[in-house]
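Residue numbers (the working numbering): 1 to 417.
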């Protein structure tokens, strides 16, 4: 924890972390929360509230909002999500139970997404536990069937020019490949060298190469498309000025009302490029999964490999890898359908909703039946980000908000040749 700005006494509440100062060096005074407010992973109205648990001393330094925890609940052990930390006891001491364990070393849900889930519960009158599920990585719930990182065996060359037997032709083929590619997947090496795993083991025994278990990404393929350096039209330039003005000013949502073929996507790309230059990430939503590949191709051609994809059409393993890449801050742009509005971007600066009028942006299942546009606007407001709503035929409420001045209106009336 960072040093306090002033000295606090043992037992005094800390306004920064809401815990109690537990003593220590006066220049590095540490205070940790004593109690955690937890939402349990139970889909029932009767338990749709925060339950207070004691934080064991061994976990106090690590505990943060957004952590997944294992807690006692009745006679069961179940998963829960930390949504509050504090030092005020809200239940009888005799009834207070302790958290068993942290399920992850770091908080799995960003604090801003915890706040977003609370807002969704209140706005859509649903279950907070269900709202929090949208924020979790795929297939990761404790006690359920889970997916993990994909692993494989990597081979690394240790001796570039070893002395091999003249009749060891398979070993020689393996060596020639390793001399060009010193680290390679074992499966690829065996295939290219037309060798066997016994050949690799023999070279390992001679100290020529080594084996390591490595994490492998389930890569999403994309096709490079033409991306000419376009000169923006006057209307596109004016739209960019309006958007940049909002980024520096009120940060109102921007309704980009443009006729079909007017170059709305080029405006998106230019704004996203500026957001990335500022060290932040962007999310671009499309109304249908079927539209994701063409959007991915266009964006990945412009921004390279630091683009991820999140939608239900991917395999569970692919979604797992894409989610974690985003969480670790390894991507600049997330492309996806409705649920990608919850992508765990650590420093979100922009959310784009293309074809914002489409009905597919409305979640129709479960107790949290959210409107993606409203969720995007709320999420951006929590992190100081911006929202662009693009459409040739805007939703009535969006256009009304623009006319009333609640949204900024940018218009593209001419098609780009």
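Ideal placement from N, C-alpha and C gives every residue a C-beta, glycine not left out.
Neighbour-count burial assignment, residue i, 16 or more Cβ in a 10 Å radius
i: residue 129; result: buried
i: residue 323; result: buried
i: residue 24; result: Summary for residue 24: the model assigns pLDDT 43, below 50, so the residue's position carries little reliability, and this model does not support an answer.
i: residue 330; result: exposed
i: residue 282; result: buried
i: residue 182; result: exposed
i: residue 237; result: exposed
i: residue 315; result: exposed
i: residue 311; result: buried
i: residue 178; result: buried
i: residue 211; result: exposed
i: residue 357; result: buried
i: residue 187; result: exposed
i: residue 227; result: exposed
i: residue 396; result: exposed
i: residue 365; result: exposed
i: residue 393; result: exposed
i: residue 167; result: exposed
i: residue 298; result: buried
i: residue 74; result: exposed
i: residue 231; result: exposed
i: residue 26; result: With a pLDDT of 41 at residue 26, under the threshold of 50, the predicted position of this residue should be treated as unreliable, though the coordinate-derived value follows. With fewer than 16 other Cβ atoms within 10 Å, it is exposed.
i: residue 325; result: buried
i: residue 403; result: exposed
i: residue 300; result: buried
i: residue 239; result: buried
i: residue 165; result: exposed
i: residue 247; result: buried
i: residue 372; result: buried
i: residue 45; result: exposed
i: residue 305; result: exposed
i: residue 417; result: exposed
i: residue 93; result: exposed
i: residue 318; result: buried
For residue j and residue i, believed in contact at Cβ under 8 Å, the rounded distance
i: residue 389; j: residue 350; result: That belief does not hold up - the Cβ atoms of residue 389 and residue 350 are roughly 12 Å apart, past 8 Å.
i: residue 141; j: residue 261; result: Not confirmed; about 45 Å, so no contact.
i: residue 360; j: residue 379; result: Contact doesn't hold; Cβ gap of about 19 Å is too wide.
i: residue 375; j: residue 333; result: In fact, because the Cβ distance is near 19 Å, the residues do not count as touching under 8 Å.
i: residue 189; j: residue 155; result: 5 Å
i: residue 209; j: residue 171; result: Not a contact, Cβ separation roughly 10 Å.
i: residue 37; j: residue 83; result: 5 Å
i: residue 269; j: residue 340; result: Between residue 340 and residue 269 the Cβ distance is about 17 Å, and since that is not below 8 Å, they are no contact.
Residue i beta carbon near the ligand SAM (any heavy atom closer than 8 Å)
i: residue 39; result: With respect to the ligand SAM, the structure offers nothing, as it holds no ligand at all.
Check whether residue i and residue j have beta carbons under 9 Å apart
i: residue 85; j: residue 35; result: yes
i: residue 57; j: residue 68; result: no
i: residue 368; j: residue 120; result: yes
i: residue 117; j: residue 132; result: yes
i: residue 251; j: residue 398; result: no
i: residue 53; j: residue 71; result: yes
i: residue 33; j: residue 106; result: no
i: residue 413; j: residue 259; result: yes
i: residue 313; j: residue 289; result: yes
i: residue 185; j: residue 206; result: no
i: residue 327; j: residue 137; result: yes
i: residue 320; j: residue 273; result: no
i: residue 348; j: residue 309; result: no
i: residue 213; j: residue 174; result: no
i: residue 109; j: residue 81; result: yes
i: residue 355; j: residue 287; result: yes
Q) Counting Cβ pairs, one atom from each stretch, are 3 or more of them under 8 Å apart for the region 152-163 and the region 337-346? A) At 8 Å Cβ cutoff, the stretches do not touch.
(Q) Assess contact between the region 278-298 and the region 111-129, defined as three or more Cβ pairs (one per stretch) separated by less than 8 Å. Is contact present? (A) no
(Q) Could you tell me which whole beta strand (DSSP E) segments of length 3 or greater appear in the region 244-315? (A) 254-258, 281-285, 307-310
Q. Is the region 90-110 touching the region 52-66 in the sense that three or more CB pairs, one from each, lie closer than 8 Å?
A. yes
**Q.** Sufficient close CB pairs (3 or more, under 8 Å) joining the region 384-398 to the region 251-259
**A.** Verdict: yes, contact present.
**Q.** Completely contained alpha helix (DSSP H) runs for the region 148-203, where each covers 4 or more residues
**A.** Here the runs fully enclosed are 169-180, 186-193.
Q) Does the region 258-267 come within contact of the region 191-198, defined as at least 3 CB pairs closer than 8 Å? A) For the pair of segments examined, the region 258-267 was found not to touch the region 191-198: the number of CB pairs separated by less than 8 Å stays below three.
Q.
Suppose only complete runs of 3+ residues qualify. What are the beta strand (DSSP E) ranges in the region 41-111, listed by chain order?
A. 51-54, 68-73, 76-86
Q) Any contact of the region 395-413 with the region 232-249, i.e. 3+ C-beta pairs under 8 Å? A) yes
Q. Going along the chain, which unbroken runs of the alpha helix (DSSP H) with 4 or more residues stay wholly within the region 358-398?
A. 372-383
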